[in-house]
Amino acid sequence: MALALTSAWIPVEGPIMRIGFISSNEDFGAVKHTMLCGVYHHCHSRFCRSGVGPVALPGISVTKKTHTSQIEIIPCKICGDKSSGIHYGVITCEGCKGFFRRSQQSNATYSCPRQKNCLIDRTSRNRCQHCRLQKCLAVGMSRDAVKFGRMSKKQRDSLYAEVQKHRMQQQQRDPPQQPGEAEPLTPTYSISANGLTELHEDLSSYIDGHTPEGSKADSAVSSFYLDIQPSPDQSGLDINGIKPEPICDYTPASGFFPYCSFTNGETSPTVSMAELEHLAQNISKSHLETCQYLREELQQITWQTFLQEEIESYQNKQREVMWQLCAIKITEAIQYVVEFAKRIDGFMELCQNDQIVLLKAGSLEVVFIRMCRAFDSQNNTVYFDGKYASPDVFKSLGCEDFISFVFEFGKSLCSMHLTEDEIALFSAFVLMSADRSWLQEKVKIEKLQQKIQLALQHVLQKNHREDGILTKLICKVSTLRALCGRHTEKLMAFKAIYPDIVRLHFPPLYKELFTSEFEPAMQIDG
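Counting the sequence shown from 1 gives a position; the working numbering is that position plus 2.
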């Protein structure tokens, strides 16, 4: 189920805790940690695990803003993303630090589906674990390179020179701030709910989102944070800059979309064609940049199915071992869904509470939608663990009815022959469902979902799809929710028999999404 099936989970909906931000600038390298919920959390002991310590460069004192003006000005040596300090001997971002840590903890063996020369940058780094690990090793990352305290004079001088170089480059790119221009303020809140930090740290663990920053110390499983700030290439939609014509008269028929809960009684706003085109392009681009696998590559290896002896090997696995494998695969797929959501225009403008609710409730549904890209309807197989797998591969899970349900859905969605644009917009439509429980700004989400629905309708018409295709897609939403519900039932049954396996060996993100319960009567301040 770690496939493309990597989405089979059930959103756990419940009251949301009081969440907020903590900003601390006391230690060099200790960056603002934005968790999935928007909590900015600073943990001094992160240095103990990542090998980062206060480092004073020549002529630069360690002050409140040294973490933004010193080492972090140097981009990650692995992927070029914003760095957060020295990790395992190399200046990297939190995403690459976490990836390297996990690769060493699990003694993982990765394989490259190409020629072992994949480009590793911020947008492609998750596509080939083998080449990413090789680059980590090539630039000098090592568990033995974790250091504390002082650097040698030669190291300090070299680091200082590189910092100065990047600072000059930045000054050339960015004009100096004009007098009177205020720096953006960092919101400061407080955490007042038990377990909130742990919950959202675990939600963010295993997620190599854009510049995830921070980590939780003294945890049995290392966690790292997902930076939920907008990506640099995410250009917000400038409504004021769009001419009002031509006007698109798309308006959803009353009651037609059961998962668009228009509670405020307003009709769908008129949307310009330019705005629809912009939104469709944004969502499609976000989808393509965050797909776990390229569709063309998947289609080229559909003939690589598991041999009978390999199928029997999976069938002979102990139930708990197979469950753990699938939980890991599902968790990997969720990482990409979270990054996809972050890049959708409008998502980052939602309150922190609603971002969490939508991701918890909809991430698995989007994984199931994406599964159709990796599904071969001709031989009823789906890409899993390196090859295309039939339902027989998952027999040891002990939930054949659920697996059959998953494959039926995959085959049904695959038969619709959706383009990447259509998959992207349908995924965004499902993710931005305004009928989720515990949302605080339903009207705002309704309007965003309406725009996405109109963009989807526009793309379907532009692609000359047959009448009724949109209706068929909307009807899939209830099936998706039933699938996720079934997944939760199976997981709870498994947990009742193997509680320690789930507690000790399942990925933290997976556990938080599908096994945790919220504390009652919690809300967000202000």
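Virtual Cβ for every residue (Gly too), placed ideally from N, Cα, C.
- Taken in chain order, the complete beta strand (DSSP E) segments of 3 or more residues contained in the region 389-430 are 389-391.
- Only residues of its own chain outside the window of five on either side were considered, and among them F428 have a CB closer than 6 Å to the CB of L475, listed in chain order.
- Across the structure, I332 and M170 are spaced so that their CA atoms are roughly 43 Å apart.
- A straight-line Cα-Cα distance of about 23 Å links C130 and M324.
- One thing to note: S398 has its Cβ within 7 Å of the Cβ of R321.
- By the Cβ test, the region 364-380 is in contact with the region 472-487, since at least three Cβ pairs between them sit closer than 8 Å.
- Cα atoms of R505 and C293: separation of roughly 29 Å, rounded to the nearest angstrom.
- No Cβ-Cβ contact shorter than 7 Å links T307 with Y385.
- With contacts defined by Cβ atoms closer than 7 Å, C138 and C120 do not form a contacting pair.
- Of K362, E277, V461, M494, the smallest CA-CA separation from V340 is found for K362.
- In the DSSP secondary-structure assignment, I88 is bridged to I93.
- When only Cα atoms are considered, I358 and K453 end up about 21 Å apart.
- Counting along the chain, F370 sits inside no beta strand (DSSP E); it lies in the alpha helix (DSSP H) bounded by residues 354-373.
- Beta-bridge pairing by DSSP links T383 to D378.
- In the structure shown, the three-state DSSP call for S315 is helix.
- DSSP, reduced to helix, strand and coil, places S274 within a strand of the structure shown.
- Setting aside the 5 residues that flank it on each side, R438 is surrounded in the same chain by E15, V359, L360, A363, each with a C-beta closer than 7 Å to its C-beta; the list follows chain order.
- In this structure, DSSP gives T307 an extended state, which the three-state scheme calls strand.
- The straight-line gap separating the alpha-carbon atoms of L450 and Q354 is approximately 16 Å.
- Counting along the chain, F342 sits inside the alpha helix (DSSP H) bounded by residues 321-345.
- Excluding five sequence positions before and after D394, the CB atoms of its chain that fall closer than 6 Å to its own CB belong to I313, given in chain order.
- If you draw a straight line from the Cα of D146 to the Cα of I122, it comes to about 24 Å.
- Apart from the 5 residues on each side of it in sequence, E164 sits with its Cβ closer than 7 Å to the Cβ of I76 in its chain, given in chain order.
- The Cβ neighbour count for N465, taken over all protein chains shown within 10 Å, is under 16; the residue is labelled exposed.
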